[in-house]
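Shown next, in structure tokens, is the structure this report addresses.
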Amino acid sequence: MRTSDVTYLFDPLCGWCYGASPMLDRLAAAGMRVELLPTGLFSGAGARPMDEGFAAHAWANDQRIERLTGQAFTQAYRQNVLNVHGTLLDSRAATLGITAAGLEDPARRLTALKAIQRARYVDGRDIVTFAGVADALADAGLADVAAMLRAPDEHLLAADRELVGRGRSLFQRLHANGVPSLAVISNDMPRLIGSNALFGSFDNLVAHIEAA
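FYI, the numbering used here numbers position 43 of the sequence shown as 989, with every residue one higher than the one before it.
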């Protein structure tokens, strides 16, 4: 397989993005350079309160993702995240943590994303507050990133605005329907890979990328 560059559009609170994580690992292991761009889908105006109706909808959807991908959605997540009403579904803190992880090495964005996803969907931890995300990242061996998140400076905040802005711009340019979305960019011309390809066979995903 030839070396390729792909761009992955995501939100850290997106269950389908969590389901797609094993495919990202396989792409990286196969020699593809994968750039992660958050879109801010569930932050700012996209944040929403957690209530009983949303919790039931999310859990049903999560069970479908688990059956399709094998990614675990635990009872700890159900009880300590979905069923804690009155909190927000807000990816602002998690996105900032991912930005911080990639300041010196963009490849660390995937490490941070996976740590945050595991904290939420497996361990049932808080990843909607800055303190909660910082604790999860520190426990995953990213103490330097956690420290930045506990006291974000203007350099980090500006980098986050730029990164999310790039993600949103590409998302709109591709006319993507949602996240996760994958794109191949050649000669400044992005080509969207259908998200279904992230949930089929690896060989099929590679074929879609190489044909783009």
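All residues carry an ideal CB built from backbone N, CA and C; glycine is no exception.
Remark: C-beta atoms of Leu-1049 and Ala-974 do not approach each other more closely than 8 angstroms. If you draw a straight line from the Cα of Leu-1138 to the Cα of Leu-1116, it is about 10 angstroms long. When DSSP states are grouped into helix, strand and coil, Phe-956 belongs to the strand group. Ser-967 is the residue among Leu-1120, Ser-967, His-1003, Ser-1141 whose C-alpha sits nearest the C-alpha of Thr-1057. Distances from the alpha-carbon of Thr-1075 to those of Gly-1043, Tyr-1067, Gly-1087, Leu-1088 put Gly-1043 closest. The Cβ atoms of Asn-1029 and Gly-961 do not sit closer than 8 angstroms to each other.
Here the alpha carbon of Leu-1144 sits roughly 7 angstroms from the alpha carbon of Met-969. Residue pairing of Pro-968 in beta bridges, as defined by DSSP: absent, with no partner found. Excluding sequence positions up to five before and after Ala-1065, its CB lies within less than 7 angstroms of the CB of Arg-1071, Ile-1073, Ala-1082, all in the same chain and listed in chain order. Non-local beta-carbon contacts of Ala-1040 in its own chain, meaning distances under 6 angstroms to residues more than five positions away in sequence, involve Pro-958, Ile-1062, Ile-1073, Val-1079 in chain order. The C-beta distance from Ala-993 to Leu-955 rounds to 18 angstroms, too long to meet the 8 angstroms contact threshold. For Ile-1011, DSSP records no beta bridge to any residue.
Look at Ile-1073 here: in three-state DSSP terms it is coil, with no helix or strand label.
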